[in-house]
Amino acid sequence: TAFTAGEVAPGALVQVSCTGYASPHAVQRAAARRGWRPRVLHIGHMGCYASVPAAAAAAALARDVALDGGEGRAALFVIELPTLHLRPEAVADEQVVVNTLFGDGAIRFDASVAAREDALALLGTAETLLPSSEDEMTWRLRDSSFEMTLSREVPARVGAAVAGFAAEFLKTHGLTFGDIAHFAIHPGGPRVIEHVLRALGLPESAAAHSRDLLRRRGNMSSATLPHVWARMLADPAVRPGERILSLAFGPGLTAAANLLEKR
Numbered sequence: 013t014a015f016t017a018g019e020v021a022p023g024a025l026v027q028v029s030c031t032g033y034a035s036p037h038a039v040q041r042a043a044a045r046r047g048w049r050p051r052v053l054h055i056g057h058m059g060c061y062a063s064v065p066a067a068a069a070a071a072a073l074a075r076d077v078a079l080d081g082g083e084g085r086a087a088l089f090v091i092e093l094p095t096l097h098l099r100p101e102a103v104a105d106e107q108v109v110v111n112t113l114f115g116d117g118a119i120r121f122d123a124s125v126a127a128r129e130d131a132l133a134l135l136g137t138a139e140t141l142l143p144s145s146e147d148e149m150t151w152r153l154r155d156s157s158f159e160m161t162l163s164r165e166v167p168a169r170v171g172a173a174v175a176g177f178a179a180e181f182l183k184t185h186g187l188t189f190g191d192i193a194h195f196a197i198h199p200g201g202p203r204v205i206e207h208v209l210r211a212l213g214l215p216e217s218a219a220a221h222s223r224d225l226l227r228r229r230g231n232m233s234s235a236t237l238p239h240v241w242a243r244m245l246a247d248p249a250v251r252p253g254e255r256i257l258s259l260a261f262g263p264g265l266t267a268a269a270n271l272l273e274k275r
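Number 275 marks the last residue of the sequence shown (this note's numbering); no jumps.
Printed below as a string of structure tokens:
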């Protein structure tokens with residue numbers, strides 16, 4: 013269920029999806045049945061990197077609600093259903109990849125102003141558009157589904173840009189790659205992971221959670237990276253005080269990053 017029995021109403025709800033839309037959304041309906049009246053933010057059509065700006069938006073909402081004297085907690089729901097857009101009749105190589113790479117997924121996480129243990133602290137967020145890359149990944153509305161195009165050049169384009177983007181982001185926080193203990197990489201596909209690891213000079217073990225999720229669940233679009241975060245939160249090898257650099261990629265082409273610290 014979306015909410016636990018006896019749960020105190022969150023001050024805000026954030027709902028993220030690029031694969032299905034309905035109004036009111038299921039999360040709004042679930043809150044309404046409980047008589048709750050939270051602020052609601054919908055984040056749509058951003059693709060695989062949406063959880064990064066969504067986490068920042070949820071944190072900002074939680075702060076705003078707390079300043080107004082409300083419950084300083086935002087419940088964020090990421091719900092992706094790529095199978096709604098399966099096109100079995102599409103037999104071009106690109107479409108076969110699209111039809112088999114993605115899987116359905118959902119996850120909830122909360123952003124809170126209250127300090128707590130067993131949590132990930134959000135320290136910063138960044139985004140950039142990769143130049144001359146807008147046609148490498150597209151998502152267009154058709155009669156019965158969305159049609160996605162996914163260029164073979166996406167992994168290489170990501171690999172060429174990620175090191176500079178990540179280094180500049182870390183520099184704004186007075187950090188270098190040596191200050192990062194763990195990397196949460198969105199597993200957009202096997203080649204995306206390979207190019208990111210190579211560009212950052214990381215061992216294969218740095219993408220263990222990402223690889224395992226891709227193998228078990230497929231690319232769940234924007235729901236995938238939060239599942240990586242959940243695994244890292246539960247992983248005793250990720251110790252309190254250690255920093256995590258998250259990296260995700262989507263249409264634009266867009267690269268997004270955030271800096272987390274395990275508490």
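The C-beta atom is built at its ideal place from N, Cα and C for all residues, glycine as well.
Owing to the predicted nature of the structure, the values given are computational and were not obtained by experimental measurement.
Residue i classed as buried or exposed, judged by whether at least 16 other C-beta atoms fall within 10 angstroms
{"i": "Y61", "result": "buried"}
{"i": "S29", "result": "buried"}
{"i": "P50", "result": "buried"}
{"i": "G213", "result": "exposed"}
{"i": "G253", "result": "exposed"}
{"i": "T266", "result": "buried"}
{"i": "E216", "result": "exposed"}
{"i": "R164", "result": "exposed"}
Residue range of the alpha helix (DSSP H) that includes residue i
{"i": "G176", "result": "V166 to T184"}
{"i": "T236", "result": "T236 to A246"}
{"i": "A43", "result": "A38 to R45"}
{"i": "V109", "result": "D105 to L113"}
{"i": "A123", "result": "Here A123 belongs to no alpha helix (DSSP H); instead the beta strand (DSSP E) covers G117 to S124."}
{"i": "A68", "result": "S63 to L79"}
Check whether residue i and residue j have beta carbons under 8 angstroms apart
{"i": "I197", "j": "A219", "result": "yes"}
{"i": "V170", "j": "F261", "result": "yes"}
{"i": "G32", "j": "L93", "result": "yes"}
Identity of the residues DSSP links to residue i by a beta bridge
{"i": "L142", "result": "DSSP lists no partner for L142."}
{"i": "R51", "result": "A24"}
{"i": "T150", "result": "T161"}
{"i": "T266", "result": "L141 and G262"}
Span of the beta strand (DSSP E), counted from its first residue to its last, around residue i
{"i": "I256", "result": "R255 to G262"}
{"i": "H97", "result": "Where H97 is concerned, there is no enclosing beta strand (DSSP E), given that its DSSP letter is neither H nor E."}
Inter-stretch contact (C-beta, 8 angstroms, three-pair minimum) for the region 128-143 and the region 100-116:
In short, these stretches do not touch, since the Cβ pair count stays below three.
Okay, do the region 81-95 and the region 22-40 touch, 3+ Cβ pairs below 8 angstroms being the bar?
yes
Stretch-stretch touch, CB-based, cutoff 8 angstroms, three pairs: the region 146-155 with the region 119-132
no
Does the contact criterion of 3 or more C-beta pairs under 8 angstroms hold for the region 230-237 versus the region 172-188?
no
Can at least three beta-carbon pairs, one atom from the region 187-202 and one from the region 219-228, be found at a separation below 8 angstroms?
Taking one beta carbon from each stretch, the region 187-202 and the region 219-228 have 3 or more pairs nearer than 8 angstroms; the two touch.
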